[in-house]
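A.B. asks: In the numbering used here, the protein residues as written are -6 to 648.
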Ligand code: AHR
């Protein structure tokens, strides 16, 4: 299907080679002519998987803050998950129930009622243990907030404490409640100690009946200080990748486990206590505290173009634990409203403040448009007649209304096969500008497929490799990806974007391995794969120069054990060489830099190398990390690439 280009190129290239045989030395042969490549090549894919959002990037420290967890999310969950009752010994006594009558919001129907019959010495209440403990730092400020409704005749004072496991107190605040309907109470606690597994204790101090909901403990120190924002250290690790785009909120999460589980962006905006929470396909709960507004804001904060992906009005083909036979399609009578939702997302991101959805963005705090350029439709869907019909309806409607939006289509879960072929056929037929390929494979796949995109037809849609990874976090895995990524740069005229997947995973809650970054409540451990991604994404160029690096006595082998690329970043004027050696022997690389006007030597060198099986772990997070040094450069650079290494050399040239 996509091979016409190869044959044509081979004939032209043959002609060029003959014609150039007599060229003057030093002249650039056409096959070595620079070409423009995508400015958006390397980015990230964020999925709420392995506690990536709640308990992860979203900085909320209370787990199950609105008592909405339940067995529908996971058999082990109840509305009291992560909560304990404080009714014994020094505490008082009474009943604690979960109720739904006259809730804070219909979207948030459960709340807890404390029926305090005796207060004991310390009051009666509940305690939240966060996500495997609440990490607090001495001197840092935490915003406590809760909604309360007094159900008896006199107000009930509330005490909120930050407490260690043994009961030592790291901070406390008190609220005087008022009679009447639900009311929000906020205060700030400054922690007096550092502890990685504190608890949040909420105590009613007099007898009576008190309803509580949406109990939150939020650090003031979030990424860029955003309210309802992101966990600072984790967000920084992501920002350090300098991603050019971010796909969100997920893959399987997006199309969901059945129609009712399709991710609906409109459910995720507005006041957090009114958002529609949902079962996460990865068998936990989505509070939606990290919703579409926060995703857009985060993209802006890290300088990444947003790439929201919405379902193609069908659910995952594995719905209900089926094996590719469970796809459910939205009834046709719901398609008009569904398509409207897709268009409304674009208005939410880009519309003027006077538009319905632009006004909601402004009300959330961002009057300026978010400059949305890409929208993904579908994720790895089975290409059935139902899918095709809906995909066509959605993509045609969006293109008619928003011709400037670049749509990203889907071509199944694998790098080849039926859905891949059918998905491509659809995309070509519908003239979808970009399609999203996915593959999780052994390192060998990445080493033997370096040329995959050399033969892609440039008149067909461009490619977004939305999810890829080799199965593992060793240096060898990471280098197989690095070798492959040189091929993505070489084909940056047809590969528009690429993102490793998945991005982050919380230790103890991992649904998918490997990941790019692992974390606990207090530690963030980037993998070697992360450092490879970082070296590529923070050293992107917009022009590719073929044939600059050659391996002495060792022409670039078919299995890409040795691979290289040369790009230029027109912004800085820098030339960037990437040299990958996935072999056990050192290799000599020669770079012909005669065509560039080098303005400064030495150049900077970032090097990742080590033993092939090494990896970064919680116990040894710095086992393999890039090392910085400098290297002298001239018209020719002879470089010894160590065994199992990635070297990135950045050279200043005249702009
Ligand atoms: O990245 C993990 C999962 O892999 C994604 O949700 C899905 O799109 C793919 O199958």
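Every residue gets a Cβ at the ideal spot worked out from N, C-alpha and C, and that includes glycine.
#1: Report yes if the C-beta of residue 372 is less than 7 Å from at least one heavy atom of the ligand AHR; otherwise report no.
#2: Could you give the distance in angstroms between the alpha-carbon of residue 387 and the alpha-carbon of residue 527?
#3: Determine, using beta carbons only, whether residue 465 and residue 426 come nearer to each other than 8 Å.
#4: Determine, using beta carbons only, whether residue 302 and residue 392 come nearer to each other than 8 Å.
#5: Are the beta-carbon atoms belonging to residue 682 and residue 478 less than 8 Å from one another?
#6: Verify whether the separation of the beta carbon atoms of residue 91 and residue 64 is less than 8 Å.
#7: Find the nearest neighbour of residue 122 within the set 186, 53 and 140, judged by alpha-carbon distance.
#8: Just verifying my parser: in three-state terms, what is the DSSP assignment at residue 483?
#9: Would you report the Cα separation of residue 93 and residue 199, rounded to the nearest angstrom?
#10: Whole-angstrom Cβ separation of residue 581 and residue 633, contact assumed at under 8 Å?
#11: Is residue 350 helix, strand or coil by DSSP?
#12: Using DSSP's beta-bridge definition, name the partner residues of residue 441.
#13: Looking only at its own chain, which residues have a Cβ that is under 6 Å from the Cβ of residue 304, when we skip the five neighbours before and after it?
#14: Does the Cβ-Cβ distance between residue 106 and residue 201 come in under 8 Å?
#15: Pop quiz: residue 281 and residue 290 are said to be a contact at Cβ under 8 Å. What is the actual Cβ separation, rounded to whole angstroms?
#16: Could you check the C-alpha separation between residue 472 and residue 355 for me, to the nearest Å?
#17: Any contact between the stretch 206 to 226 and the stretch 339 to 349? By contact I mean 3 or more CB pairs, one from each, below 8 Å.
#18: Please report how far the alpha carbon of residue 651 lies from the alpha carbon of residue 531, in whole angstroms.
#19: Please report the distance separating the alpha-carbon of residue 272 from that of residue 374.
#20: Taking C-beta to C-beta, are residue 537 and residue 560 nearer than 8 Å?
#21: Hey, out of 553, 242 and 35, whose CA is closest to residue 287's CA?
#22: Which of the three DSSP states is assigned to residue 10 in this structure?
#23: Could you check whether residue 369 and residue 300 sit closer than 8 Å to each other, using their CB atoms as the reference points?
#24: Between which two residues does the beta strand (DSSP E) carrying residue 124 extend?
#25: Using a Cβ-Cβ cutoff of less than 8 Å, which residues in the same chain neighbour residue 187 once the five nearest sequence positions on both sides are dropped?
#26: On the three-state DSSP scale, how would you describe residue 395?
#27: Between the alpha carbons of residue 191 and residue 183, how many angstroms are there, rounded?
#28: Leaving aside the five residues before and after residue 337 along the sequence, list all residues of the same chain whose C-beta is less than 6 Å from its C-beta, in chain order.
#29: What are the complete beta strand (DSSP E) segments, minimum 3 residues, inside the stretch 147 to 191?
#30: Kindly indicate which three-state DSSP category residue 40 falls into: helix, strand or coil?
#31: Report the residue from 504, 99 and 292 whose alpha carbon sits nearest the alpha carbon of residue 219.
C.D. replies: Reading off the structure:
#1: yes
#2: 35 Å
#3: no
#4: no
#5: There is simply no residue 682 to check, as the chain begins at -6 and stops at 648 in what is shown.
#6: no
#7: 53
#8: helix
#9: 23 Å
#10: 6 Å
#11: helix
#12: Per DSSP, none; premise fails for residue 441.
#13: 247, 248 and 255
#14: no
#15: With 8 Å as the limit, residue 281 and residue 290 do not qualify as a contact, their Cβ atoms being about 15 Å apart.
#16: 44 Å
#17: no
#18: Residue 651 lies beyond the residue range present for the chain, which begins at -6 and ends at 648; the question has no answer from this structure.
#19: 20 Å
#20: yes
#21: 242
#22: With a pLDDT of only 29 at residue 10, under 50, the local geometry of the prediction cannot be trusted, and the value read off the model is given with reservation. The answer is helix: DSSP assigns residue 10 an H, G or I state.
#23: yes
#24: Premise fails: residue 124 is in no beta strand (DSSP E) and is neither H nor E.
#25: 129, 130 and 131
#26: coil
#27: 13 Å
#28: 350
#29: 151 to 156, 162 to 168 and 176 to 183
#30: coil
#31: 292
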